[in-house]
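Working notes, beginning with the structure itself.
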DNA sequence: CCTGAGCGT
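Numbering (full-length UniProt numbering), first residue to last: 1 to 95.
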């Protein structure tokens with residue numbers, strides 16, 4: 001379960017996202033990936049909560065809302081591909 | 001690596 005958050009400010013921190021999302025549920029983790037080529041943030045983040053209903057509540061409450069002078073974008077994130085399968089404990093779905 | 005699309009080690 002993960003939530004996609006876009007159109008963020010480049011000055012935003014995971015702590016700020018946690019404080020905002022904590023208003024609608026228990027934030028389990030906040031992830032802000034950076035570009036592997038430059039290392040700068042792309043302006044989006046991922047938020048994981050304890051329950052999917054909490055994520056939905058946060059999405060309905062924060063999507064389209066103005067935050068830090070930016071139009072906040074919140075949606076259901078696409079299932080991330082398991083990249084940890086490369087070394088050990090990975091996709092043992094061997095043919 | 002300094003910017004504006006939107007989905008990640």
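Using N, Cα and C, we set each Cβ at its ideal position, and we do this for glycine too.
Here the structure is a predicted model, which is why all the values come from computation and not from measurement.
When DSSP reads this structure, residue 70 sits in a beta bridge with 67. A straight line joining the alpha-carbon of residue 45 with that of residue 70 spans about 14 Å. Counting only the Cα atoms, residue 7 lies some 9 Å from residue 74.
Going by DSSP, residue 46 is part of the beta strand (DSSP E) stretching over 45-49.
Residue nearest to residue 79 within the set 25, 48 and 24 is 48 (criterion: CA-CA distance). In the DSSP assignment, residue 31 is bridged to 46. With 16 or more other CB atoms across the displayed protein chains lying within 10 angstroms of its CB, residue 58 is buried. According to the DSSP secondary-structure assignment, residue 5 is paired through a beta bridge with 45 and 74. One alpha carbon belongs to residue 52, the other to residue 18, and they sit about 16 Å apart.
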